[in-house]
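Novice:
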Amino acid sequence: MGRKVFLVFSSVGCQLSDLVPANKGRQSLVDSLIIAYDLHSKCEIISVANADASDLTAYHSPQYVAKLLEVRSDDFSDEEEDAIERLKNTLGVTCDANSVRTADSDKENTQLDHVGDDMYGLEYDTPVFPFMNEYVKFVAGSSLSAARCLLTCVNSRRISINWYGGRHHCFKNRASGFCYVNDVVLAILKLRQKFKKVAYVDLDLHHGDGVERAFQFSHNVTTCSVHMHDIGFYPGTGGLKSSRRGMYNIPLKRGLKDETMVQVVRDFVCPLMKAGDPEVIVLQLGCDGLVSDPSGQWNLTIRGYWSAVELILKCFPNVSFLVLGGGGYDHTEAAKCWAYITKMIIGDESEWTEIPDHDHQEDYSRDSFQFWTVKNQEPKVGRKDENTPEYLRMLKNSLDIFM
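Residue numbers (UniProt numbering): 1 to 403.
(1) On the CB-based measure, 16 or more other CB atoms within 10 Å of its CB, does residue 261 come out buried or exposed?
(2) Could you tell me the boundaries of the alpha helix (DSSP H) in which residue 223 lies?
(3) State yes or no: is the C-beta of residue 64 within less than 8 Å of the C-beta of residue 136?
(4) Taking 8 Å as the threshold (C-beta atoms), are residue 29 and residue 342 in contact?
(5) Which of helix, strand or coil does DSSP assign to residue 105?
(6) I believe residue 59 touches residue 175 by the beta-carbon criterion, under 8 Å. Please report the beta-carbon distance rounded to the nearest angstrom.
(7) If we ignore side chains and look at the alpha-carbon of each, how far apart do residue 17 and residue 118 end up?
(8) Leaving out five residues on either side along the sequence, give the residues of the same chain with a beta carbon under 7 Å from the beta carbon of residue 170.
(9) Looking at C-alpha atoms only, which residue of 288, 304 and 134 is the closest neighbour of residue 379?
(10) Pull up the DSSP beta-bridge partners for residue 162, would you.
(11) Quick one, are the C-beta atoms of residue 272 and residue 394 less than 8 Å apart?
(12) Here's the rule I'm using: 16 or more other beta-carbon atoms within 10 Å means buried, otherwise exposed. How should residue 277 be labelled?
(13) At 4 residues or longer, what runs of the alpha helix (DSSP H) sit wholly inside the region 108-154?
(14) Would you mind working out which of 300, 37, 383 and 312 sits nearest residue 269, comparing C-alpha positions?
(15) Measure the C-alpha to C-alpha separation of residue 44 and residue 34 and round it to an integer number of angstroms.
(16) Going straight from the alpha carbon of residue 114 to that of residue 27, what length do you get?
(17) Which residues does DSSP pair with residue 248 in a beta bridge?
(18) Contact check, residue 150 vs residue 191 under 8 Å by CB: the rounded distance?
(19) Return the residue from the list 21, 289 and 255 that minimises the CA-CA distance to residue 123.
(20) With distance defined between alpha-carbon atoms, name the residue in 376, 316 and 318 nearest to residue 338.
(21) Out of 346, 66 and 54, state which residue places its alpha-carbon closest to the alpha-carbon of residue 310.
(22) Which first and last residues belong to the beta strand (DSSP E) in which residue 263 is found?
(23) Tell me whether the region 192-208 and the region 218-229 touch, counting them as touching only if at least three CB pairs, one residue from each stretch, are closer than 8 Å.
(24) Looking at residue 326 and residue 168, is the spacing between their C-beta atoms short of 8 Å?
(25) Mark residue 216 as exposed unless 16 or more other C-beta atoms lie within 10 angstroms of its C-beta, in which case mark it buried.
(26) What distance in whole Å lies between the Cβ atoms of residue 204 and residue 286, which are believed to be in contact at a cut-off of 8 Å?
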């Protein structure tokens, strides 16, 4: 079966994604590195149709959607001002003059904007930010557009890549864990319009709780989350005992190294997914498990992470994939990781050494402008892999019943 690779790309979406408080500026690094390596020209580009309220309420409650899409007059920092002005000019008439707060904005109106935000989780780690309403419409639309691309494939295997998406923590009525809308759930629901059996595999450091909850009673959507699990570690769900047929959790410990991740994918993920006989697979590739990530939990290298992803792709040679982003808080390393995965999916065999000249090249000065460094090629010394052979055998014994 032939394979075609599609890539979601949007300059406006990049600007909006750069404003997300947990990942300020990350998307520009990702997109610019993909352009610098000319990867975008080797894919078919997917144009994004922004989601509207009816698209969002396919999963989210009307009340929550109304709160997300409110036009607000929020404060913004000096460092955001240039980005805000660019977006105001770009969005034009779609951006109400009151959607951001100016210096003489009325303080009372700003306070009124926030009434009820706490009811919907729009505080603490997931606060309101400028152009949040436009961002929500874009990020949901980006994954819906990527999913639609797979609906039209006939007698060919398609891989649709969307690094803007993968916001797996958001719930039906509440923002959570840096996620304002669950684009993953919306995309899976869209895929279900054609495909009876859909599988979702989540390799983010954190449990894919929002997606799991959405499909916990579904007989047609299989979910499998591989994640770090420990007392006090967010989100605190995804224990082994919560697994049941069609909803699998593979809780791992600190220090996960490349070889162990590949073993987990080979021995657990692929057999569990094959048991569900999926027609299409959604793959969430948060990269906060990389050795360089400030979370400091796992010990994965970029090449090692790709090896696990590649194994999944090879296990299902005739199945189309929707590939999404997710967590990743060392932004230059996240950009390297997702650019490298894009390269490998395309089949680009060129050697990467120096970071190409581009607008964000200076951000890689700490790496001496090199793509490969010690911190993304070698595990951190002293970060022991606590996923012992005995622990992995226990996991296998518990999950064997479902394989």
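A virtual CB, placed ideally from N, CA and C, is assigned to each residue, including glycine.
Specialist: To lay it out plainly:
(1) Position 261 of the sequence shown, counted from the first residue, corresponds to residue 261. That one is buried.
(2) In the sequence shown, residue 223 corresponds to position 223, counting from 1. No alpha helix (DSSP H) holds residue 223; the beta strand (DSSP E) holding it covers 221-228.
(3) Looking up residue 64 in the sequence shown gives position 64. Looking up residue 136 in the sequence shown gives position 136. Taking 8 Å as the Cβ cut-off, residue 64 and residue 136 do not qualify as a contacting pair.
(4) For this step, residue 342 is matched to residue 342 along the sequence shown. For this step, residue 29 is matched to residue 29 along the sequence shown. The Cβ atoms of residue 342 and residue 29 lie no closer than 8 Å to each other.
(5) Looking up residue 105 in the sequence shown gives position 105. Reliability fails at residue 105, whose pLDDT of 43 lies under 50, so the model's placement of it is uncertain and the value that follows must be treated cautiously. DSSP places residue 105 in coil when its eight states are reduced to three.
(6) Indexing the sequence shown from 1 puts residue 59 at position 59. Indexing the sequence shown from 1 puts residue 175 at position 175. The pair is not a contact, with the Cβ atoms about 14 Å apart (cut-off 8 Å).
(7) Translated into positions along the sequence shown, residue 17 becomes position 17. Translated into positions along the sequence shown, residue 118 becomes position 118. Spanning the two alpha carbons is a distance of roughly 22 Å.
(8) By one-based count along the sequence shown, residue 170 stands at place 170. For residue 170, where only same-chain residues beyond five positions count, the Cβ hits under 7 Å are 176, 179, 180, 181, 182 and 210.
(9) Position 379 of the sequence shown, counted from the first residue, corresponds to residue 379. Ranking the options by Cα distance to residue 379, first place goes to 304.
(10) Position 162 of the sequence shown holds residue 162. Residue 162 is bridged by DSSP to 324.
(11) On the sequence shown, position 272 is the one that residue 272 refers to. On the sequence shown, position 394 is the one that residue 394 refers to. Against a cut-off of 8 Å, the Cβ pair of residue 394 and residue 272 comes out as no contact.
(12) The residue you call residue 277 lines up with position 277 of the sequence shown. Answer is exposed; the Cβ neighbour count stays below 16.
(13) 132-151
(14) As a working note, residue 269 is residue 269 in the sequence shown. The shortest C-alpha separation from residue 269 is found at 312.
(15) The count along the sequence shown starts at 1 and reaches residue 44 at position 44. The count along the sequence shown starts at 1 and reaches residue 34 at position 34. Straight-line Cα distance between these residues: approximately 14 Å.
(16) Along the sequence shown, read from residue 1 onward, the residue named residue 114 stands at position 114. Along the sequence shown, read from residue 1 onward, the residue named residue 27 stands at position 27. Using only the alpha carbons, I get a separation of about 27 Å.
(17) Stepping through the sequence shown from its first residue, residue 248 is reached at position 248. Answer is 224.
(18) What you label residue 150 is simply residue 150 of the sequence shown in a count that begins at 1. What you label residue 191 is simply residue 191 of the sequence shown in a count that begins at 1. So it is a contact: roughly 6 Å between Cβ atoms.
(19) For the purposes of this step, residue 123 is taken as residue 123 along the sequence shown, with counting starting at 1. The shortest C-alpha separation from residue 123 is found at 21.
(20) Residue numbering aside, residue 338 sits at position 338 when the sequence shown is read from its first letter. When only C-alpha atoms are compared, the closest one is 376.
(21) As a working mapping, residue 310 is identified with position 310 in the sequence shown. The shortest Cα separation from residue 310 among 346, 66 and 54 belongs to 346.
(22) Here residue 263 is taken as the residue at index 263 of the sequence shown, counted from 1. First-last for residue 263: 258-264, but that is the alpha helix (DSSP H), not the beta strand (DSSP E).
(23) yes
(24) For the purposes of this step, residue 168 is identified with residue 168 of the sequence shown, where counting begins at 1. For the purposes of this step, residue 326 is identified with residue 326 of the sequence shown, where counting begins at 1. Yes, they are a contact pair.
(25) As a position in the sequence shown, residue 216 is number 216, starting the count at 1. The residue in question, residue 216, is exposed, as its Cβ has fewer than 16 Cβ neighbours within 10 Å.
(26) Your numbering for residue 286 matches position 286 in the sequence shown. Your numbering for residue 204 matches position 204 in the sequence shown. Right, their Cβ atoms sit about 3 Å apart.
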